[in-house]
Amino acid sequence: MSSGEAREPHEAGEPREAPASHRPHEPGEHPAQEAGAPGDPGTAAHGLAALGRPVVLGLHGVADKAAFMDRCVAALRLPSWFGRNWDALADSLTDLPGRTVLVVTGWQEYAEARPAEWRTAQEVFAASVDERPGRLFVLLSLGDVPVLLGGSDEGNPSDLG
(Lines of atoms letter the chains of each structure in order from A and count residues from 1; the text may use other names and numbers.)
(Lines give C-alpha, C1' and ligand atoms only; values in the text may rest on other atoms or scores of the structure.)
Protein backbone atom coordinates (compact mmCIF):
# COMPACT_ATOMS: atom_id res chain seq x y z
CA MET A 1 0.00 0.00 0.00
CA SER A 2 1.45 3.35 -0.98
CA SER A 3 1.29 6.34 1.30
CA GLY A 4 -1.36 7.95 -0.93
CA GLU A 5 -3.84 5.04 -0.67
CA ALA A 6 -6.63 5.22 1.86
CA ARG A 7 -6.95 2.44 4.45
CA GLU A 8 -10.25 0.90 5.26
CA PRO A 9 -11.06 1.32 8.93
CA HIS A 10 -10.65 -1.76 11.12
CA GLU A 11 -13.97 -3.20 12.17
CA ALA A 12 -14.33 -4.00 15.88
CA GLY A 13 -14.05 -7.72 16.58
CA GLU A 14 -12.37 -8.37 13.23
CA PRO A 15 -8.89 -9.91 13.63
CA ARG A 16 -6.00 -7.88 12.28
CA GLU A 17 -3.21 -9.56 10.42
CA ALA A 18 0.04 -9.29 12.34
CA PRO A 19 3.01 -7.73 10.56
CA ALA A 20 5.30 -10.33 8.97
CA SER A 21 7.94 -9.69 11.63
CA HIS A 22 5.50 -10.73 14.37
CA ARG A 23 3.90 -13.78 12.76
CA PRO A 24 5.08 -17.30 13.61
CA HIS A 25 7.34 -18.80 10.96
CA GLU A 26 6.00 -21.46 8.68
CA PRO A 27 7.98 -24.71 8.40
CA GLY A 28 10.79 -24.19 5.94
CA GLU A 29 11.00 -20.41 6.43
CA HIS A 30 14.40 -19.14 7.52
CA PRO A 31 13.94 -16.84 10.54
CA ALA A 32 17.67 -16.27 11.17
CA GLN A 33 17.63 -12.91 9.42
CA GLU A 34 15.19 -11.59 12.02
CA ALA A 35 17.00 -12.98 15.06
CA GLY A 36 19.37 -10.04 15.42
CA ALA A 37 21.78 -7.74 13.69
CA PRO A 38 24.40 -9.12 11.29
CA GLY A 39 27.41 -10.29 13.25
CA ASP A 40 25.35 -10.98 16.38
CA PRO A 41 26.47 -14.41 17.72
CA GLY A 42 22.86 -15.26 18.50
CA THR A 43 21.96 -14.69 14.87
CA ALA A 44 24.84 -16.84 13.63
CA ALA A 45 24.04 -19.69 16.01
CA HIS A 46 20.36 -19.52 15.15
CA GLY A 47 21.21 -19.62 11.44
CA LEU A 48 23.48 -22.64 11.84
CA ALA A 49 20.87 -24.44 13.90
CA ALA A 50 18.46 -24.00 10.99
CA LEU A 51 20.88 -26.02 8.83
CA GLY A 52 21.27 -28.81 11.37
CA ARG A 53 22.86 -29.74 14.67
CA PRO A 54 26.12 -27.77 15.05
CA VAL A 55 29.21 -29.76 16.05
CA VAL A 56 32.53 -28.01 16.64
CA LEU A 57 35.73 -29.77 15.60
CA GLY A 58 38.42 -27.77 17.38
CA LEU A 59 41.86 -28.29 15.87
CA HIS A 60 43.86 -25.77 17.92
CA GLY A 61 47.22 -27.36 18.70
CA VAL A 62 46.77 -30.26 16.26
CA ALA A 63 49.99 -30.89 14.35
CA ASP A 64 49.58 -34.38 12.86
CA LYS A 65 47.06 -36.89 11.55
CA ALA A 66 46.89 -38.88 14.80
CA ALA A 67 45.89 -35.78 16.80
CA PHE A 68 43.44 -34.77 14.03
CA MET A 69 41.75 -38.18 14.21
CA ASP A 70 41.66 -38.02 18.03
CA ARG A 71 39.83 -34.69 17.82
CA CYS A 72 37.39 -36.18 15.28
CA VAL A 73 36.68 -39.07 17.65
CA ALA A 74 35.92 -36.66 20.49
CA ALA A 75 33.89 -34.10 18.52
CA LEU A 76 31.86 -36.61 16.54
CA ARG A 77 31.56 -39.11 19.40
CA LEU A 78 32.93 -41.91 17.28
CA PRO A 79 33.19 -45.41 18.77
CA SER A 80 36.42 -46.72 20.27
CA TRP A 81 36.84 -49.07 17.30
CA PHE A 82 36.97 -46.13 14.83
CA GLY A 83 39.83 -46.87 12.40
CA ARG A 84 41.52 -43.44 12.62
CA ASN A 85 42.13 -43.29 8.86
CA TRP A 86 40.68 -41.17 6.06
CA ASP A 87 38.30 -43.87 4.74
CA ALA A 88 36.92 -44.50 8.22
CA LEU A 89 36.40 -40.75 8.72
CA ALA A 90 34.56 -40.49 5.40
CA ASP A 91 32.31 -43.41 6.38
CA SER A 92 31.63 -41.87 9.79
CA LEU A 93 30.76 -38.47 8.34
CA THR A 94 28.28 -39.97 5.90
CA ASP A 95 26.71 -42.06 8.69
CA LEU A 96 26.02 -39.15 11.08
CA PRO A 97 22.41 -39.04 12.29
CA GLY A 98 20.13 -36.26 11.07
CA ARG A 99 21.30 -32.96 9.65
CA THR A 100 24.73 -31.88 10.91
CA VAL A 101 26.82 -28.72 10.61
CA LEU A 102 30.47 -29.49 11.31
CA VAL A 103 32.28 -26.26 12.21
CA VAL A 104 36.06 -26.71 12.00
CA THR A 105 38.01 -24.22 14.11
CA GLY A 106 41.75 -23.70 14.60
CA TRP A 107 42.58 -25.58 11.40
CA GLN A 108 45.16 -23.10 10.11
CA GLU A 109 48.05 -24.42 12.23
CA TYR A 110 47.40 -28.01 11.10
CA ALA A 111 47.09 -26.88 7.47
CA GLU A 112 50.46 -25.16 7.70
CA ALA A 113 52.22 -28.00 9.54
CA ARG A 114 50.83 -30.80 7.34
CA PRO A 115 49.56 -29.34 4.05
CA ALA A 116 49.18 -32.71 2.29
CA GLU A 117 47.19 -34.15 5.21
CA TRP A 118 45.03 -31.03 5.37
CA ARG A 119 44.28 -31.29 1.63
CA THR A 120 43.23 -34.90 2.21
CA ALA A 121 41.02 -33.85 5.14
CA GLN A 122 39.36 -31.22 2.92
CA GLU A 123 38.80 -33.83 0.20
CA VAL A 124 37.17 -36.15 2.77
CA PHE A 125 34.94 -33.31 4.01
CA ALA A 126 33.94 -32.39 0.43
CA ALA A 127 33.20 -35.98 -0.63
CA SER A 128 31.14 -36.56 2.52
CA VAL A 129 29.12 -33.39 1.93
CA ASP A 130 28.52 -34.49 -1.67
CA GLU A 131 27.19 -37.84 -0.43
CA ARG A 132 24.80 -36.16 2.04
CA PRO A 133 23.48 -33.07 0.21
CA GLY A 134 21.38 -30.94 2.52
CA ARG A 135 22.20 -33.18 5.50
CA LEU A 136 25.91 -32.47 6.12
CA PHE A 137 27.56 -29.06 6.02
CA VAL A 138 31.24 -28.45 6.81
CA LEU A 139 32.26 -24.90 7.63
CA LEU A 140 35.85 -23.71 8.14
CA SER A 141 35.90 -21.01 10.78
CA LEU A 142 38.28 -18.09 10.34
CA GLY A 143 38.04 -17.20 14.03
CA ASP A 144 36.75 -18.46 17.34
CA VAL A 145 33.26 -19.93 17.41
CA PRO A 146 30.81 -18.65 20.03
CA VAL A 147 29.95 -21.03 22.86
CA LEU A 148 26.34 -20.81 21.62
CA LEU A 149 27.17 -23.48 19.04
CA GLY A 150 27.43 -26.17 21.68
CA GLY A 151 31.06 -27.17 21.38
CA SER A 152 34.52 -26.09 22.36
CA ASP A 153 38.13 -26.61 21.47
CA GLU A 154 38.77 -28.41 24.75
CA GLY A 155 37.24 -31.63 23.45
CA ASN A 156 33.79 -31.10 24.97
CA PRO A 157 31.80 -32.74 22.15
CA SER A 158 28.35 -31.66 21.02
CA ASP A 159 25.56 -34.15 21.57
CA LEU A 160 24.80 -36.02 18.35
CA GLY A 161 22.46 -38.58 19.84
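Numbering follows this note's numbering, with no gaps: position 150 of the sequence shown is 183. Even glycine gets a Cβ: it sits at the ideal position worked out from N, Cα and C. Quantities reported herein were computed from a predicted structural model and do not represent experimental measurements.
The way I'd put it, the region 164 to 173 does touch the region 128 to 136; three or more beta-carbon pairs between them come closer than 8 Å.
If you check the CB distance, residue 119 and residue 95 do not come in under 8 Å.
Listed in chain order, the beta strand (DSSP E) elements of length 3 or more contained wholly in the region 112 to 171 are 133 to 138. Around the beta carbon of residue 113, fewer than 16 other beta carbons sit within 10 angstroms, so the residue counts as exposed.
With fewer than 16 other Cβ atoms from the protein chains shown falling within 10 Å of its own Cβ, residue 116 counts as exposed. Within the same chain, and ignoring the five residues on either side of residue 127 in sequence, the residues whose Cβ sits closer than 7 Å to its Cβ are 161, 164, 165.
When the alpha-carbon of residue 148 is set against those of 109, 101, 90, 85, the nearest one is in 101. Distance check between residue 86 and each of 141, 108, 103, 176 places 108 closest, using alpha-carbon atoms only. DSSP places residue 95 in the coil class of the three-state scheme, outside both helix and strand. Distances from the alpha-carbon of residue 155 to those of 132, 93, 122 put 122 closest. Apart from sequence neighbours up to five positions away, the residues of its chain that approach residue 97 with a beta-carbon distance below 7 Å are 147, ordered along the chain. Exposure of residue 175 is indicated by the presence of fewer than 16 other C-beta atoms within 10 angstroms of its C-beta.
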